[in-house]
Amino acid sequence: MASRIEHRSTFSADLATTFDAVAGETALRARLEQIGGDDAELLEYAPAGDGVRYKLRQGISSDKLPSAVRTLHRGDLIVEREQTWKTAGSGYTGTATASVSGVPGEITAKTSLTGEGERTTLVNSGEVKVRIPFVGGKLEGVIAEQVTKLLEREAEFVAKWLAER
């Protein structure tokens with residue numbers, strides 16, 4: 001059984017400005033530099049017609065991992081994420097996938113960005129699946145919690161980025 005990930009953030013900026021702060025190449029590079037962890041890198045960035053596709057890598061030092069994860073995984077975690085965005089009506093929709101080094105499973109999500117005047121809402125809705133007998137469910141919960149914390153930190157970065165521009 002998978003663990004759910006649900007996260008919603010609202011920003012005080014119009015849709016186009018917020019989209020650039022969430023998915024623009026300059027903002028992504030700055031976000032990775034500030035909160036991406038060890039070995040963070042924007043691996044690919046490709047505008048794609050009416051949207052964009054990018055892939056990034058983030059590192060999580062083993063000393064920052066919960067003890068439940070450290071007992072199952074030796075060393076640092078490397079997370080590779082791929083995100084696509086495309087225009088949909090008056091907003092954007094997308095998909096996100098992620099894999100964690102040494103963990104058999106995946107993280108998948110649907111994303112949306114919708115605006116109303118000077119307010120824009122970002123929604124992430126997904127799940128974590130880990131295929132390890134007996135402990136997979138516990139690990140899914142820990143990973144879902146860590147992903148939610150990461151989404152919160154990313155939303156804080158976006159809000160700050162928007163406030164400074």
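If you're matching positions, the sequence shown starts at 1 in the UniProt record's numbering and goes up one per residue. For every residue, glycine included, the Cβ atom is placed at its ideal position computed from N, Cα and C.
According to DSSP, residues forming a beta bridge with residue i
i	result
W161	None, per the DSSP bridge assignment.
E127	R4, T108
V52	P47, W85
G36	Beta-bridge pairing links G36 to no other residue.
E80	R57, S99
Rounded C-alpha distance that separates residue i from residue j
i	j	result
V79	G102	10 angstroms
F19	A163	14 angstroms
S67	L151	21 angstroms
G36	M1	29 angstroms
T114	S62	36 angstroms
V52	E154	18 angstroms
E118	K138	40 angstroms
T17	G24	10 angstroms
Closest by C-alpha distance to residue i, when choosing among the options
i	options	result
P133	P104, A30, E116	P104
T84	L56, S62, D63	L56
A159	K129, S125, G136, T121	T121
I5	K138, R153, T108, G75	T108
residue 166	W161, R29, V128	Residue numbering for the chain in the displayed model covers 1 to 165; residue 166 lies beyond these limits and cannot be assessed.
E116	A155, L15, S62	L15
V130	V123, I143, E118	I143
Q75	R81, E82, L65	A small fix is needed here, since residue 75 is Gly in this sequence, not Gln. Of the candidates R81, E82, L65, the one whose C-alpha sits nearest the C-alpha of G75 is L65.
T26	D39, Y54, T10, T97	Y54
S125	E140, T95, Y45, G137	T95
E44	R81, A30, Q34	R81
G136	E156, K86, E106, T148	E106
residue 192	A48, L42, A46, G49	Residue numbering for the chain in the displayed model covers 1 to 165; residue 192 lies beyond these limits and cannot be assessed.
Three-state class that DSSP yields for residue i in the structure shown
i	result
A13	coil
V22	helix
V103	coil
E118	coil
L65	coil
I60	strand
I132	coil
G94	strand
8 angstroms Cβ cutoff, residue i in contact with chain D
i	result
E82	Among the chains in the structure shown there is no chain D, since it carries only a single protein chain.
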